[in-house]
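Q: Submitted below is the structure of interest, expressed as structure tokens.
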Amino acid sequence: MWYDFAYHPYLEREFLVTRPVVHFEIYGKDSEGLKQFYTELFGWQIDSNNPMNYGLIAPGIGGPEQGVGGGIAQGDGPRVMVYVQVVNLQETLGKAEELGGRTVMQPMDVPGGPTIAQLEDPEGNRVGLVKQ
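Position in the sequence shown (first residue = 1) + 10 = this note's numbering.
Below you can see the structure in the form of structure tokens.
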């Protein structure tokens, strides 16, 4: 098994280094439509001015300072879920539906955790929402 270790000069020992999530991609047959959907839904700044017309999404503000965490869960099939922090879950779900998406999970409180919801974009990609 491969692990990264780093030396901490103050603790004078090595420690396990967690590898952070640094990028995500959302795929669909109509990438231009998806760019429009996410720009209108989350206010994302997406720049496709490059030879591959690849939509680079500018980083947001207000996320966890230490980086993005994650989890591994049992499911009915393979899936990767990205969660986006929003102020109002119900308003965001409503706006997603107006833009051609659909609500797949109404807001719910995770025991001991945040309030979350889920939607599908017009291509069927599932996206999680976390209440700010």
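Here a beta-carbon is modelled for each residue, glycine too, at the ideal position from N, C-alpha and C. None of the values given here were measured: they were computed from a predicted structure.
Quick one: what does DSSP say M11 is sitting in, helix, strand or coil?
A: Any reading at M11 is ruled out, since the residue's pLDDT is 44, under 50, leaving its predicted position unreliable.
Q: Compute the distance between the beta-carbons of E130 and G104, then report whether it is under 8 Å.
A: Contact flag unset, no.
Q: What are the complete beta strand (DSSP E) segments, minimum 3 residues, inside the segment 57–102?
A: Correct list: 92–96.
Q: Can you tell me whether F47 is buried or exposed? The criterion is at least 16 other CB atoms within 10 Å of its CB, across all chains shown.
A: Answer is buried; the Cβ neighbour count reaches 16.
Q: From what residue to what residue does the alpha helix (DSSP H) around L51 run?
A: S41 to F52 is the extent of the alpha helix (DSSP H) around L51.
Q: How would you call L66, buried or exposed, if buried means at least 16 neighbouring beta carbons within 10 angstroms?
A: That one is exposed.
Q: Can you check whether the CB of P30 is closer than 8 Å to the CB of V78?
A: Yes; because the gap between Cβ atoms is below 8 Å, this pair is in contact.
Q: To the nearest angstrom, how far is it from the Cα of G43 to the Cα of E50?
A: Roughly 11 Å separates the two Cα atoms.
Q: Looking at the structure shown, is L139 part of a helix, part of a strand, or coil, going by DSSP?
A: Strand.
Q: Would A127 be called buried (16 or more neighbouring beta carbons within 10 Å of its own) or exposed?
A: Buried, since its Cβ has 16 or more Cβ neighbours within 10 Å.
Q: Compare the beta carbon distance of K45 and E133 with 8 Å and say whether it is the shorter of the two.
A: The answer is no: Cβ separation not under 8 Å.
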